Every structure is written in structure tokens, then in C-alpha cells.
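Quick notes on the structure that follows.
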Amino acid sequence: MPKNEIKNQFRAKIKTCKAALPALYSAFKDPRTPNLARFLCFLTVGYALSPIDLIPDFIPILGALDDLLLLPLMITAAIKLIPAEVWQECQAQAQALPPKQRRYAVPIALFWLIVLLLLLKVFFH
Numbered sequence: 001m002p003k004n005e006i007k008n009q010f011r012a013k014i015k016t017c018k019a020a021l022p023a024l025y026s027a028f029k030d031p032r033t034p035n036l037a038r039f040l041c042f043l044t045v046g047y048a049l050s051p052i053d054l055i056p057d058f059i060p061i062l063g064a065l066d067d068l069l070l071l072p073l074m075i076t077a078a079i080k081l082i083p084a085e086v087w088q089e090c091q092a093q094a095q096a097l098p099p100k101q102r103r104y105a106v107p108i109a110l111f112w113l114i115v116l117l118l119l120l121k122v123f124f125h
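Numbered by UniProt numbering, the letters in the sequence shown go through residues 1 to 125 in order.
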């Protein structure tokens, strides 16, 4: 396979992942989404937006692999758990949103604040 074709496929995958995140957030908020799918949507969006990775990025090769493998797997698993009609509506809602919404960062910041507070409580009590 030519080098340019591989680059184009990789870029297309990245765009697909970026486009899926707002739709997953919409699916998380939709009451028709099953609880397991909601949980996975929350984890996926949280992991994608979080500055904390399972494998730090400064570790050569492995640091990038968790983002390249884990995130697409989480997105795919979440999409498979969401009913098809709900997913289609969420994709339409996500496409209608103006670009670069900062409101997605609020739940993620709250999640990590709660995690930090729980860790502080465990270690300092």
C-alpha cells in the first residue's frame, strides 16, 4: 500500500473519531440510551478529552498506541451498544452543533475534580 494512501486512511480515521465524540456525548444525554452504553459514552468522551492517559505520551511508541488503539475501540464499542435510531439522531445533532463547543469540557473537568477529591480523601484521612 502506498505511503500516501496509508496517511489518508489514518487521517480519515482520526476525523471519524473526532466526529463521533460529540455524538457520543449526545447519546450519553439521551434517555433512550441503555445504561451500559451511557457509561461507556461517558468513559470514552472523558478519556478523549482528559489530559490523563493510561500510558503517558512521553513513553515512546506505547504512549501514542493507547490513543491510537484504545480510543477507537472504546468509540466502536459504545456505538455498538447504542440503538441505531438513537445513534443516527445523535450524529445529526452533533453535525448541527457549531464547531469547538467548550461545554464538553465541563463534565470532564468535574469528573476529574471528583476523582482528585476522592483520592485526596483516601490518602489524607
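For each residue, glycine too, the CB sits at the ideal point set by N, CA and C.
Being a predicted model, the structure only gives us computed values, none of them experimental.
- In the assembly as shown, Pro22 is a buried residue. Its beta-carbon has 16 or more other beta-carbons within 10 Å.
- The shortest C-alpha to C-alpha distance from Ala19 to any of Val106, Thr76, Phe39, Leu110 is the one to Thr76.
- Contact between the region 90-99 and the region 46-55 is absent: fewer than 3 CB-CB pairs across the two stretches fall below 8 Å.
- Between Ile82 and Thr44, the gap from beta carbon to beta carbon reaches 8 Å or more.
- When secondary structure is reduced to three states using DSSP, Arg32 falls in the coil class, being assigned neither helix nor strand.
- Contact annotation, Ala105 with Leu49: C-beta distance approximately 6 Å; criterion of less than 8 Å satisfied.
- A residue is called buried when at least 16 other Cβ atoms come within 10 angstroms of its Cβ; Arg11 does not meet this threshold and is exposed.
- Between Pro72 and Leu117, the alpha-carbon positions lie close to 29 Å from each other.
- In this structure, Phe42 is the residue among Phe42, Gln88, Cys17 with its C-alpha nearest to the C-alpha of Phe28.
- Where Ile79 is concerned, the enclosing alpha helix (DSSP H) starts and stops at 71-81.
- Collapsing the DSSP output to three states places Asp53 in coil.
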